[in-house]
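Going letter by letter, the sequence shown gives residues 21 to 304 in this note's numbering.
Glycine residues also receive a C-beta, built at the ideal position from the N, C-alpha and C atoms.
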Amino acid sequence: MNQTREDDVAVRQFYETYGWQRGSSGQYRDAEAFVDLRPVMDGYHRRRDQRVARLLAGEGPLLDLGCGGAPVPVAADGGLRVNLDFAAAALRGARQTLGDTASYLQADICQLPFPADTFGRVLCAHVLYHLTPERQTLALTEICRVLRPGGVAVLVYIQTFARLQNLARRLRLDSRPVADLPPLPYHPVDHRRLQVGLRDRARIEVRSWSILAPEITRTVVPGGRAGRAMVAGVAAVEDHLPRWSARLARYPMLIVRKSRSHDDPPTHGDRPETPPRSEGGQAL
């Protein structure tokens, strides 16, 4: 079994048997491991999700790649939302959240079963860096292919050299019990490398999805009013100084706006909004 195949099996097994199963808190185990679930962080998480929703507030069907069991709350423009994941457990959880307001498809992000120029908006959060670098390139090519000219994709990545993360490690603040988790492959690259193959097809901007990593906040952010004020200050920096905060981000997001060709209309308003046609995959 080659490395790519081994990694695909490991990621799928992690999320089918662990990540999208409920833990002792009643939350998904993925969230218990990788999210600071204390109430003091609720406002920060809400502002982060609102930031993503604003970026994806345009027209056209929405494709949520690697939607997971707890999809990001983004308006679906008349119900035209497709949630795609390769883990059946994730799609079951997504359906429990969104019900019949969306469609659900089990498929491979590197072989998207849709025609070109299908979606006006694409969200892909915390997926790419679990793929090998070669498959990351394939996935990005597929995302650009199915994105309409003038459409926007938001890709949440992980910083390979996050400044605050490195400081936490030096100060021994990283207390996440990763040794207790099933194996989950990571293959982060410098996000500037990801942009190389997209520059001839899209405009790219980098902002912060989250400066704060749970391994930091669990240790240094107190509960109560002081903690809420602390994280609200960080959220304000991310809102008002997006490019500067991207340099500090543990999780940067790449905002990809696909270029319009000369033959494309200036808007999608005259294009009929019909449900995206799937050319493969397994509907769940």
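Looking only at its own chain, which residues have a Cβ that is under 7 Å from the Cβ of residue i, when we skip the five neighbours before and after it?
| i | result |
| --- | --- |
| aspartate 128 | Phe106 |
| valine 55 | Pro234 |
| proline 91 | Asp84, Asn103, Ala114, Thr117 and Leu118 |
| glutamine 23 | Thr152 |
| proline 93 | Asp69 and Ala73 |
| threonine 241 | Strictly speaking, residue 241 in this sequence is valine, with threonine absent from that position. Hits under 7 Å: Val60, Gly247, Met250 and Val251. |
Tell me whether the beta-carbon of residue i lies closer than 8 Å to the beta-carbon of residue j.
| i | j | result |
| --- | --- | --- |
| histidine 150 | valine 31 | yes |
| valine 102 | leucine 76 | no |
| phenylalanine 139 | arginine 168 | yes |
| cysteine 87 | leucine 104 | yes |
| glutamate 52 | alanine 109 | no |
| methionine 273 | valine 174 | yes |
| leucine 218 | leucine 158 | no |
| phenylalanine 34 | leucine 204 | yes |
| proline 208 | tyrosine 38 | no |
| glycine 170 | arginine 280 | yes |
| aspartate 259 | arginine 71 | yes |
| leucine 57 | serine 45 | yes |
Compare the C-alpha of residue i against each of the options and name the closest.
| i | options | result |
| --- | --- | --- |
| leucine 143 | Asp259, Gly119, Tyr177 and Ala136 | Tyr177 |
| methionine 61 | Arg155, Leu85, Arg213 and Thr237 | Thr237 |
| alanine 266 | Phe34, Ile231 and Ser45 | Ile231 |
| valine 276 | Arg227, Val257 and Ala222 | Ala222 |
| isoleucine 163 | His146, Gln179, Asp137 and Thr152 | Asp137 |
| arginine 74 | Trp229, Gln47 and Val147 | Trp229 |
| glutamate 225 | Trp264, Gly78 and Val240 | Trp264 |
| proline 135 | Pro81, Glu154, Gln179 and Gln156 | Pro81 |
| proline 262 | Glu26, Arg227 and Tyr206 | Arg227 |
| glutamate 26 | Tyr206, Arg67, Val257 and Val241 | Tyr206 |
| cysteine 130 | Glu154, Ser123 and Tyr124 | Glu154 |
Which whole-angstrom value describes the C-beta separation of residue i and residue j, a residue pair presumed to lie in contact below a C-beta threshold of 8 Å?
| i | j | result |
| --- | --- | --- |
| glycine 89 | tryptophan 40 | 4 Å |
| tyrosine 64 | valine 254 | 7 Å |
| leucine 132 | valine 166 | 5 Å |
| glutamine 126 | leucine 148 | About 18 Å separates the two Cβ atoms, so there is no contact after all. |
Sorted by chain position, which residues of the same chain lie with C-beta nearer than 8 Å to residue i's C-beta, five sequence neighbours on each side aside?
| i | result |
| --- | --- |
| leucine 184 | Confidence in leucine 184 is poor, its pLDDT being 48 and thus under 50, which makes the residue's placement unreliable; the coordinate value appears in the next sentence. Excluding sequence neighbours, leucine 184 sits near Ile231, Leu232, Ala233, Ile236, Leu268 and Arg270. |
| arginine 42 | Tyr48 and Arg49 |
| glycine 243 | Arg58, Pro59 and Val60 |
| glutamine 179 | Gln185, Pro208, His211, Ala269, Arg270, Tyr271 and Pro272 |
| lysine 278 | Cys164, Leu167, Arg168, Pro169, Gly170, Gly171, Val172, Ala173, Arg221 and Ala222 |
Residues in its own chain within less than 6 Å of residue i by CB, not counting five upstream and five downstream?
| i | result |
| --- | --- |
| alanine 145 | Val176 |
| aspartate 50 | Gly39 |
| valine 257 | Ser265 |
| arginine 67 | Ala255 |
| glutamine 156 | Leu148 |
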